[in-house]
Structures are given as C-alpha cells and as structure tokens.
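S.K.:
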Amino acid sequence: MLPACAYLLLGGLNLLTGYSKPAGEAALGLCPFCRRGELRLSYAEEEVVGFGKLLLLVYKCENCGYRASDLMPLEAREPASYKVRIEEVKDLNIKVVKASSGFVEIPELGVEIKPGPASEGYVTNVEGLLARIEEAASTLKGDRGVEGNLKVFLETLRKAINGVKVFTVIVRDPLGISALISEVPGKVERRPLSREEAERLRRQLVGVAFEYK
Ligand SMILES: [Zn+2]
C-alpha cells in the first residue's frame, strides 16, 4: 500500500493538486481486492528531461484503502541497465525513474528492490529513493529477528542520505521503462541489456517488492 507521504516522493509530480498538463481520472470498475468499492485511476502526463514523456498512474479504492502507483513511457524504450556512483551530496539529485518492472540494487547497502505484486512505479531522485528504502526498512523495527542488523543498516543508510558514504545505484528494467538520469554527461553508465539478460529478468518480474539482507 502506498503511504500518503509517498506522494511527496514522486518528486513534486503530485497527481492530486494543481496539475496543468493532460491529466484525468477513470473508473476501472469493481476493486479486485475488496470487491465492494470502485477502483479509480488518476493519471497525469509528465515530461522528464533526459527521459521523455511518461504517464504517471495512481490506482485507488476508497472502500478498502488500496493504493498503488506506476508509470508508463509514451515512447518506445530499449531494455537497459543504468549504473551511477554517488560520490558527493549533489549526486543525490540524480533522477530515478522507476517503473513497477524496475530492479534496483545498491550493493554497498545490501539493498535490492525487485518487482512483485506490491511493486510501485515513481519518479524521484536518489535521495528520495533512499528515503523510501528507509521507510520500508523502518517498518521492520521491533522485529527481534532483524533488530541488530537493522540498526546497523539504518545507520549506514543515514550516512548515504547525508552524502558521507560513497555507493552505487544500479537500475535494470527488462521492459526498458526504468532509468537513471544525470545532467552531467557520462556520469550515468548506460548499456543495453543482452537478450538473455532481459529474458532472465522478465522471468523474475514476479518476486518480492523489497528484500532486506
Ligand atoms: Zn477495494
């Protein structure tokens, strides 16, 4: 479920207020989760510099509170892998376009975000991505099984958020939707996925949304 504050993490692309570009709502019929309320879709078109046009989608059901977000490019895109080294505070502004089909890895933090039924799509920056990870990890607080590791993890994550830890962000998407975008040419390393790699990742598209090591 998407918490209310996650709208802030869409990187200012708020679907609920003051949207001037093509936007609207659609009724999708009976909610598949509670089978009582109506599932509604809010959509808005956005142009992300260095990426192109995309549709931001938010699904919600007022009856059971179900909420999910995703995004869809309006132009054809090639399955690719993006890699960036975050070395200083300003690198935290590098844009992250993450669709529900995106795989995100931060090896230095032991973070892997894999697509799954609860996978969300959003546009944010590296700082916003770390904030989402912090929020997801914080829900594990009080779980005795992970307590010690979690404390260390959250401390390391804080260092990353404060720009005092160097780390790598890798984004891969077998559907080509997700991307990392920097204004600095050559900062983000991009390569097309091989056919085999894209196929392997497509098979993994059903998995868990957040894996904590
Ligand atoms: Zn519902």
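Numbering (the numbering used here), first residue to last: 15 to 227. For glycine and all other residues, C-beta sits at the position ideal for the given N, C-alpha and C.
Measuring straight from C-alpha to C-alpha, what distance separates R217 and E203?
M.R.: Each residue's alpha carbon lies about 24 Å from the other.
S.K.: Can you name, in chain order, every residue of its own chain whose Cβ lies under 7 Å from the Cβ of A193, other than the five neighbours on each side?
M.R.: Taken in chain order, the residues that qualify are F65, Y96, V111 and V185.
S.K.: Would DSSP call D243 helix, strand or coil?
M.R.: Residue 243 lies beyond the stretch modelled for the chain, which goes from 15 to 227, so this question has no answer here.
S.K.: What's the call for V231, buried or exposed, on a 16-neighbour Cβ count within 10 Å?
M.R.: Residue coverage of the chain in this structure runs from 15 to 227, which leaves residue 231 outside it and unanswerable.
S.K.: In whole angstroms, give me the CA-to-CA distance for F47 and G142.
M.R.: Spanning the two alpha carbons is a distance of roughly 29 Å.
S.K.: At the level of alpha carbons, what is the spacing between V160 and E210?
M.R.: Taking the straight line joining both Cα atoms gives about 35 Å.
S.K.: Among S115, P199 and E197, whose alpha-carbon lies nearest the alpha-carbon of Y136?
M.R.: Measuring from the Cα of Y136, the nearest candidate turns out to be S115.
S.K.: Pull up the distance between the alpha-carbon of E39 and that of L71, whole angstroms please.
M.R.: Whole-angstrom Cα-Cα distance: 10 Å.
S.K.: Straight-line CA distance for K173 to G190?
M.R.: Answer to the nearest angstrom: the Cα atoms are 31 Å apart.
S.K.: Closer than 6 Å to a non-hydrogen atom of ligand 1 - does that hold for the CB of G43?
M.R.: The answer is no for G43.
S.K.: With respect to 6 Å, is the separation between the Cβ of N77 and the closest non-hydrogen atom of ligand 1 below this value?
M.R.: Checking the Cβ of N77 against ligand 1 gives yes.
S.K.: Please work out which residues of its chain come closer than 7 Å, Cβ to Cβ, to N139, disregarding the five sequence neighbours upstream and downstream, and give them in chain order.
M.R.: The answer, listed in chain order, is G25, L106, N107, I108, K109 and V110.
S.K.: Tell me, to the nearest whole angstrom, how far the beta carbon of V103 is from that of V183; I am working on the premise that it is less than 8 Å.
M.R.: Incorrect: roughly 15 Å between the Cβ atoms, too far for contact.
S.K.: Using 7 Å as the threshold, is the C-beta distance between E122 and F181 below it?
M.R.: Contact: yes.
S.K.: Answer with buried or exposed for E60, where buried requires no fewer than 16 other C-beta atoms within 10 angstroms of its C-beta.
M.R.: Looking at its Cβ environment, which holds 16 or more other Cβ atoms inside 10 Å, E60 is buried.
S.K.: Less than 6 Å between the CB of F47 and some heavy atom of ligand 1, yes or no?
M.R.: At least one heavy atom of ligand 1 is nearer than 6 Å to the Cβ of F47, so yes.
S.K.: Using the DSSP secondary-structure output, state which residues sit across from C75 in a beta bridge.
M.R.: Bridge partners of C75: L53.
S.K.: Residues in its own chain within less than 7 Å of E213 by CB, not counting five upstream and five downstream?
M.R.: So the list is empty, once near-sequence residues are dropped.
S.K.: Is Y73 near ligand 1, judged by its Cβ being under 6 Å from some heavy atom?
M.R.: Flag unset: Cβ of Y73 not near ligand 1.
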